Amino acid sequence: GVCVAMFAGPLASIRAVVRERSAAAIPAGFTLFSLANTAAWLAYGLALDDAFVWAPNVLGLAAATAQLGLVVRYGTGGGAAAAAAR
């Protein structure tokens with residue numbers, strides 16, 4: 006539970022990301038490492054056939070993928086507010 010909450014934490018800002026059209030609120034480095042970490046633990050859990058290992062990491066991988074999708078879609082620039090100021 007704690008692990009999933011940690012990985013999904015940046016998704017709390019999803020409303021602001023969509024509104025501002027900028028993923029600057031999502032730490033890209035943390036997201037990439039979360040993706041790699043959860044993928045590795047998911048593979049390990051599947052190899053052991055241990056649902057207590059792989060199940061939380063499926064959720065973490067989904068959260069990291071969603072965050073990465075937002076970063077790819079909106080970028081980490083200033084968004085609409087910065088574009089309007091230019």
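The numbering of the sequence shown is this note's numbering, which starts it at 6 and goes up by one.
C-beta: ideal position from N, C-alpha, C; glycine also.
Just so you know, these numbers come straight off a predicted model, no measurement behind them.
Residue i to residue j, Cα distance in whole Å?
| i | j | result |
| --- | --- | --- |
| Ala48 | Thr70 | 16 Å |
| Ala21 | Leu40 | 22 Å |
| Gly82 | Ala17 | 19 Å |
| Ile45 | Ala52 | The sequence as given places Ala at residue 45; Ile does not occur at that position. Ala45 and Ala52: Cα-Cα distance of roughly 11 Å. |
| Ile31 | Asp55 | 31 Å |
| Phe35 | Glu25 | 21 Å |
| Phe57 | Ala33 | 27 Å |
| Val7 | Ala68 | 13 Å |
Less than 7 Å between C-beta atoms, sequence neighbours within five positions excluded: which residues of the same chain meet that for residue i?
| i | result |
| --- | --- |
| Ala90 | Per-residue confidence for Ala90 stands at a pLDDT of 43, beneath the threshold of 50, marking its modelled position as unreliable; no derived number is given. |
| Asn62 | Thr43, Trp46, Leu47 and Gly50 |
| Ala28 | Val22, Leu75, Val76, Tyr79, Gly80 and Thr81 |
Could you spell out the range, first to last residue, of the alpha helix (DSSP H) harbouring residue i?
| i | result |
| --- | --- |
| Ser39 | Ala33 to Leu53 |
Considering only residues of the same chain and omitting the five flanking positions on each side of residue i, which have a CB-CB separation below 6 Å?
| i | result |
| --- | --- |
| Gly14 | none |
Pick from the options: whose alpha carbon is nearest that of residue i?
| i | options | result |
| --- | --- | --- |
| Leu73 | Glu25, Val7, Ala10 and Phe38 | Phe38 |
| Arg78 | Trp59, Ala60, Ala56 and Ile19 | Ile19 |
| Thr11 | Ser27, Val76 and Leu66 | Correcting the residue identity first, residue 11 is Met in this sequence and not Thr. For Met11, the nearest C-alpha among the options comes from Leu66. |
Suppose the cutoff is 8 Å on Cβ atoms and the five residues either side in sequence are ignored; what does the same chain contact list for residue i look like?
| i | result |
| --- | --- |
| Ala60 | Gly50 |
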